[in-house]
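Enquirer: Sharing a structure here in structure tokens format.
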Amino acid sequence: MSAEESPEPENPRGPESSRDSEAGAGWTCGKPGTFHDLLPERITDFSWRRPKVLWRSRNDVLARWFGDPSNAIRRRCVAALGERGSPAAFTVHRADPEFSFVLLGDTGEGDKSQYAVVPPLLHAAGDTDFMIIASDVIYPTGDAASYTDKFFRPYKDYPAPIYAVPGNHDWYDGLRGFLHVFCGLDADCTPPPWRGPLGFLPRMLWCRPGDVDSDALAEARRRYRGAPGQQAVQPGPYWAIDTPSLRVIAVDTGITGVVDHGQGRWLREVSAGPKPKLLVTGKPLYVDDDHRPGRIDGGGTIDEIIRDPAHNYIAAIGGDIHNYQRYPVAVEGGRTIEYIVSGAGGAFMHATHTIPKTRVVDEGDFRCYPLRGDSLSRYSKLYGRWLHLRKFFDLTPEDATAAVEHRLEITAGRGYGKPEPSRRARLVAALLGVPRDGRRRPRFLRFPVRKVPQRFRSELADWDDPPFFKSFLRLDVTESHLRIRCYGATGCGDQEAAPPCEDEVTIELR
1 MSAEESPEPE
11 NPRGPESSRD
21 SEAGAGWTCG
31 KPGTFHDLLP
41 ERITDFSWRR
51 PKVLWRSRND
61 VLARWFGDPS
71 NAIRRRCVAA
81 LGERGSPAAF
91 TVHRADPEFS
101 FVLLGDTGEG
111 DKSQYAVVPP
121 LLHAAGDTDF
131 MIIASDVIYP
141 TGDAASYTDK
151 FFRPYKDYPA
161 PIYAVPGNHD
171 WYDGLRGFLH
181 VFCGLDADCT
191 PPPWRGPLGF
201 LPRMLWCRPG
211 DVDSDALAEA
221 RRRYRGAPGQ
231 QAVQPGPYWA
241 IDTPSLRVIA
251 VDTGITGVVD
261 HGQGRWLREV
271 SAGPKPKLLV
281 TGKPLYVDDD
291 HRPGRIDGGG
301 TIDEIIRDPA
311 HNYIAAIGGD
321 IHNYQRYPVA
331 VEGGRTIEYI
341 VSGAGGAFMH
351 ATHTIPKTRV
361 VDEGDFRCYP
371 LRGDSLSRYS
381 KLYGRWLHLR
391 KFFDLTPEDA
401 TAAVEHRLEI
411 TAGRGYGKPE
421 PSRRARLVAA
431 LLGVPRDGRR
441 RPRFLRFPVR
451 KVPQRFRSEL
461 ADWDDPPFFK
471 SFLRLDVTES
481 HLRIRCYGAT
491 GCGDQEAAPP
501 CEDEVTIELR
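Taking the UniProt record's numbering as reference, the numbering of the sequence shown is continuous, increasing by one, and the terminal residue is 510.
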């Protein structure tokens, strides 16, 4: 049986989860979510279909075609932080060996799906010691003017400090807004000149960072997150939190995912020693049944450092991909490292039904949220609405689950049994990207669900009504164990006070 969609509940004493019932997945909502009361009076119409949004995001394409300037900008910023007095180790020290924190990634679209995460987060993790946002604090271009409604306002009632790891979208303004808000630094974010005969193109087209209105940001901080317990200044774009029982290490992967030489040297230094460690990164190392080790400029990879037995890493958590996935990977020395994707903190949902039957770990050990069947059902409804072909595309969660079982040859479901999918359900599953037990199909049979650039697929993957299938992690640390729980955020009012626990793992700290 595929544990990814096992009918047994992960938390028998808690509320129903998506693994228990359709109601647990949020398909039937008894009442609207209270998050509506948190929304600004006017919500910005955020859509990747708007040419203005696409044009503002052009730095991603330029960085991939002509070279990513993030490393050069970061080196200047790190030098400026050093001159200001930030310690070279970029480390925050905490004396208590037992603590807890909440982690979520890719939050900042500023729309209903972001605010829908807030009430369940406060109920399930409002008592934690700090929060970490892993990747893409602000969409679409990380500009400072967006922090009021996409950062300060949503988390105004979270009482503890918030730290962050920048994502590629935060880098589109050269990280200027991020550095001001989280590091208290106004830095030179001008990219270095591109060399070569075509260097004039990126120099001419590069989207320059906007102005930082320090007074407006100071007022937003005072108004929404002005309590003394909410304040923190993190050492830099990459950093570590050191405690007697666990060291949390965060790395900044820029736009294209490459770590610069200086940060790589720092990572090796803070990774030394037998103390258990957890990595937080803007881009995950395992995702969509694929290993992406993370290149370090000058040689080596992030994952080589993580796997080294002398460094004693127990988990690596990354954002960037907007869903939840967990891969328990066996490594040298009889150890298991939990590789986790946690990027469903507010932005549009990336499909899970396109994930093949897993090969990097046994399918029975793999976890994801939303379940593949729920993902396929949600996308089928989106395409039915978008193409005005609801009678053809719309699949119920039961129909979609049956089609996933058929194509991936796994056992899935919530007590549905094993119904034979209809020919229509099988065709829709094929069109929307469900693999055939890992085998590839001709591209012309595949609709744009996963294998095209984000700015083209996201317009079909965003909605403003439940279930949202968002999630966040609560991590509880004792002197002997780390407990990680993934909570679902559906947007349903009857699941806000007691959000469903969609996955849980406890790791021994050795």
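We treat Cβ as the ideally placed atom computed from N, Cα and C, and that holds for glycine. Note that this is a predicted model, so its numbers are computed, not measured.
May I ask you to verify whether the region 403 to 413 touches the region 382 to 392, counting CB pairs closer than 8 Å and requiring at least 3?
Expert: They do not touch, by the three-pair rule.
Enquirer: Nearest to Ile296 by alpha carbon, out of Gly346, His261, Gly273?
Expert: Among Gly346, His261, Gly273, the Cα nearest to that of Ile296 belongs to His261.
Enquirer: Please tell me whether Glu332 and Pro309 are closer than 8 Å, where the distance is taken between their beta carbons.
Expert: Yes, the Cβ-Cβ distance between Glu332 and Pro309 is below 8 Å.
Enquirer: Could you please give me the residues that DSSP links to Tyr487 through a beta bridge?
Expert: Its beta-bridge partners are Phe472, Cys501.
Enquirer: Does the region 12 to 23 come within contact of the region 485 to 499, defined as at least 3 CB pairs closer than 8 Å?
Expert: These segments touch.
Enquirer: Taking the alpha carbon of Pro154 as the point to measure from, which residue in Arg221, Leu431, Gly334, Trp463 has its own alpha carbon closest?
Expert: Taking only the C-alpha atoms, the option nearest Pro154 is Arg221.
Enquirer: Identify every residue that forms a DSSP beta bridge with Leu278.
Expert: Beta-bridge pairing links Leu278 to Val248, Ala315.
Enquirer: Is the beta carbon of Gly174 closer than 8 Å to that of Asp143?
Expert: Cβ distance not < 8 Å, so Asp143 and Gly174 don't count as in contact.
Enquirer: Quick check: the Cα distance between Pro191 and Ser57, rounded to an integer number of angstroms?
Expert: Near 16 Å, if we compare the C-alpha coordinates of Ser57 and Pro191.
Enquirer: Between which two residues does the beta strand (DSSP E) harbouring Gln325 extend?
Expert: Its beta strand (DSSP E) spans residues 324 to 331.
Enquirer: State the start and end residues of the unbroken alpha helix (DSSP H) segment that holds Trp239.
Expert: Segment 239 to 242 is the beta strand (DSSP E) holding Trp239; no alpha helix (DSSP H) there.
Enquirer: What whole-angstrom Cβ distance do Val258 and Tyr238 have, given they're in contact under 8 Å?
Expert: Not confirmed; about 13 Å, so no contact.
Enquirer: When DSSP builds the beta bridges, which residues end up paired with Ile507?
Expert: For Ile507, which the question treats as bridged, DSSP gives the partners Leu482.
Enquirer: In this structure, what does DSSP give as the bridge partners for Lys301?
Expert: Note that residue 301 is Thr in the sequence shown, not Lys. Answer by DSSP bridge pairing, in chain order: Arg295.
Enquirer: In the DSSP output, which residue or residues are listed as bridge partners for Ser100?
Expert: In DSSP, Ser100 forms a bridge with Asp476.
Enquirer: For Gly299, count neighbouring Cβ atoms within 10 angstroms of its own Cβ and tell me buried if that reaches 16, exposed if not.
Expert: Burial call: exposed.
Enquirer: For Trp206, count the other beta carbons within 10 Å of its own beta carbon; 16 or more makes it buried, fewer makes it exposed. Which is it?
Expert: Buried, since its Cβ has 16 or more Cβ neighbours within 10 Å.
Enquirer: Looking at the secondary structure, which residues open and close the beta strand (DSSP E) in which Arg195 lies?
Expert: No beta strand (DSSP E) holds Arg195; DSSP gives it neither H nor E.
Enquirer: Output the residue ranges of the beta strand (DSSP E) runs that lie fully inside the region 134 to 197 and measure 3 residues or longer, sorted by chain position.
Expert: Segments of the beta strand (DSSP E) lying fully in the region 134 to 197: 162 to 165.
Enquirer: Which runs of the beta strand (DSSP E) spanning at least 3 residues fall entirely within the region 337 to 376, listed in chain order?
Expert: For the region 337 to 376, whole beta strand (DSSP E) runs of length 3 or above, ordered along the chain, are 367 to 369.
Enquirer: Closest by CA to Glu16, which one among Glu508, Asp465, Arg510, Tyr487?
Expert: Per the Cα distances, Tyr487.
Enquirer: Per DSSP, Val92 forms a beta bridge with which residues?
Expert: DSSP lists Ile241 as partners of Val92.
Enquirer: Alpha carbon to alpha carbon, what distance is there between Tyr379 and Gln454?
Expert: In this predicted model, Gln454 has a pLDDT of only 45, less than 50, meaning its place in the structure is not dependable; the value taken from the coordinates is given anyway. Whole-angstrom Cα-Cα distance: 15 Å.
Enquirer: Please determine if the region 339 to 356 and the region 312 to 323 are in contact, where contact requires at least 3 C-beta pairs separated by less than 8 Å.
Expert: The region 339 to 356 vs the region 312 to 323: in contact.
Enquirer: Within this structure, are the beta carbons of Leu371 and Ser70 separated by less than 8 Å?
Expert: No, the pair does not count as a contact, with Cβ atoms beyond the cut-off.
Enquirer: DSSP beta-bridge partners for Tyr115?
Expert: None; Tyr115 has no bridge partner.
Enquirer: Is it buried or exposed for Met204, if we count other Cβ within 10 angstroms and need 16 for buried?
Expert: Its Cβ having fewer than 16 others within 10 Å, Met204 is exposed.
Enquirer: Which value, in whole angstroms, describes the spacing of the CA atoms of Ser422 and Cys501?
Expert: For Ser422 and Cys501, the distance between alpha carbons rounds to 32 Å.
Enquirer: To the nearest angstrom, report how far apart Pro236 and Ile249 are at their CA atoms.
Expert: Reading the sequence as shown, one finds Gly at residue 236 and not Pro. Each residue's Cα considered, the two are about 12 Å apart.
Enquirer: Between the beta-carbon of His169 and the beta-carbon of Tyr139, is there less than 8 Å?
Expert: Their beta carbons are under 8 Å apart, which means His169 touches Tyr139 by this criterion.
Enquirer: Indicate the three-state DSSP secondary structure (helix, strand or coil) for Pro69 in the structure shown.
Expert: Correct three-state label for Pro69: coil.
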